[in-house]
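Written out below as structure tokens is the structure these notes cover.
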Amino acid sequence: MEKEIRLHVNGQDDGSLVWEALVRPGDVSLSALSSQTLTGAAFVGKHRDRMGQIQPVLVRLRVAQLLSSEGEEEVRSEQTSRMMNDALLQLVERKGARAQEELYQTLRETDPYLVQDLEQSS
């Protein structure tokens, strides 16, 4: 964080100031926050055996520019859904924790029941 951030919360009724805070560089460790919020890597690593429908996931990852057309083709060229899942996971894992977080969030949007079941079975 390079510059200070001033936060305000105003009341809905009259717009009056309800709360105010000033966050300065050094007040917050972004690396600590990132490690807490990036749950995708842990999720992907733990549940790589059950991915669900891969086609909607590929479309979303392509739109989010996480997956290139070559990467998408590499995944789609696999013969079985299990092999497609493995190819996608390998691509995403190579891109790091943020890419894994994007995959996790995409799975939560495209197949929320699967993600809920996997999280509850943990």
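In terms of the numbering used here, the sequence shown opens at residue 225 and continues consecutively.
Ideal Cβ positions, reconstructed from N, Cα and C, are used throughout, including at glycine.
Boundaries of the beta strand (DSSP E) in which residue i is found, first to last residue
i       : result
Ala-245 : 241 to 247
Ile-278 : Here Ile-278 belongs to no beta strand (DSSP E), and DSSP marks it neither H nor E.
Coil, strand or helix - residue i by DSSP
i       : result
Trp-290 : One detail in the question is off: residue 290 reads as Leu in this sequence, not Trp. Note: Leu-290 maps to coil in three-state DSSP.
Leu-315 : helix
Distance between beta carbons of residue j and residue i, contact taken as under 8 Å
i       : j       : result
Leu-241 : Arg-230 : Actually they do not touch by this definition, with Cβ atoms about 11 Å apart.
Arg-300 : Met-308 : 7 Å
Glu-294 : Arg-286 : About 11 Å; that fails the 8 Å criterion.
Gly-264 : Glu-325 : 3 Å
Cβ-Cβ distance between residue i and residue j below 8 Å
i       : j       : result
Val-339 : Leu-331 : yes
Leu-288 : Glu-298 : According to the sequence displayed, residue 288 carries Ala and not Leu. Contact flag unset, no.
Where the alpha helix (DSSP H) through residue i begins and ends
i       : result
Ser-301 : It is not in any alpha helix (DSSP H) - Ser-301 carries neither H nor E in the DSSP assignment.
Asp-238 : That residue, Asp-238, is in no alpha helix (DSSP H); it is neither H nor E in DSSP.
Asp-365 : No information on residue 365 is available, as it lies outside the stretch 225 to 346 that the chain covers here.
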